[in-house]
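>
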Amino acid sequence: MGKLDGKIALITDGSDGIGFTIAQQLVSEGAYVFITGRSKEALDAAVKKIDDKHITAIRANSAELDDIDNIINIMQKEKEKLNILVANADMFGLGPLGSITEKSFDIILMLTFEVYFYVIKAAVRSFARC
């Protein structure tokens, strides 16, 4: 019996990197985990690597408000509640610091601040009461 048995987790950008590692750990401790990401192939590979029935992959772009709402709706239909939220950055390669343009920097700010806010705001309604 794991210490997270019965707990439901949502990890944005959970198909690789730190998000994937967190997903592996949470599943190993008994949680049911939803991971999101933009690439269906990466999501499918992540689910296959974890090789567990306690994970669902949702293809979504966390930078899109409609996608965020869709993530929460899918999660609520399947599990009805949320106990753990990992609002993981959905960064992609922007290149060396000297090559980052104003537009690129705006994307960085949006991904590191706005996305977290909107994901957390949407997820709040799903958190289980303790």
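According to the UniProt record's numbering, the residues represented by the sequence shown are 1 to 130, in order.
Glycine residues also receive a C-beta, built at the ideal position from the N, C-alpha and C atoms.
Being a predicted model, the structure only gives us computed values, none of them experimental.
#1: Can you list, in chain order, the stretches of the beta strand (DSSP E) that have 3 or more residues and sit fully within the segment 41 to 121?
#2: I want to know whether the segment 39 to 54 touches the segment 66 to 81 - three or more CB-CB distances under 8 Å.
#3: What's the C-alpha gap between Val124 and Thr101?
#4: Considering only their Cβ atoms, is the gap separating Leu4 from Leu85 smaller than 8 Å?
#5: Would you grab the beta carbon distance between Ala31 and Lys7 for me? Rounded to a whole angstrom, and I think it's under 8 Å.
#6: In this structure, how does DSSP classify Leu26 when only helix, strand and coil are distinguished?
#7: Excluding the 5 residues flanking Thr12 on each side, which residues of the same chain have their C-beta closer than 6 Å to its C-beta?
#8: By how many angstroms is the C-alpha of Ser28 removed from the C-alpha of Ser15?
#9: Mapping the DSSP letters down to three states, classify Ala123 as helix, strand or coil.
Considering the structure as presented:
#1: 55 to 59 and 84 to 86
#2: no
#3: Within the sequence shown, residue 124 is the residue found at index 124, counting from 1. Within the sequence shown, residue 101 is the residue found at index 101, counting from 1. Roughly 34 Å between the two C-alpha positions.
#4: Here residue 85 corresponds to residue number 85 of the sequence shown, with the count starting at 1. Here residue 4 corresponds to residue number 4 of the sequence shown, with the count starting at 1. Going by C-beta atoms, Leu85 is not nearer than 8 Å to Leu4.
#5: By 1-based counting over the sequence shown, the position of residue 31 is 31. By 1-based counting over the sequence shown, the position of residue 7 is 7. Going by Cβ atoms, the distance from Ala31 to Lys7 rounds to 5 Å, so yes, they are a contact pair.
#6: The residue labelled residue 26 in the question sits at position 26 within the sequence shown. Residue state, collapsed to three classes: helix.
#7: Reading the sequence shown from its first residue, position 12 is the one you call residue 12. Excluding residues within five positions, the ones whose Cβ falls inside 6 Å are Thr36, Ser62, Ala87, Asn88 and Val119.
#8: Position 15 of the sequence shown, counted from the start, is the residue given in the question as residue 15. Position 28 of the sequence shown, counted from the start, is the residue given in the question as residue 28. Spanning the two alpha carbons is a distance of roughly 16 Å.
#9: Here the question's residue 123 lines up with position 123 in the sequence shown. Correct three-state label for Ala123: helix.
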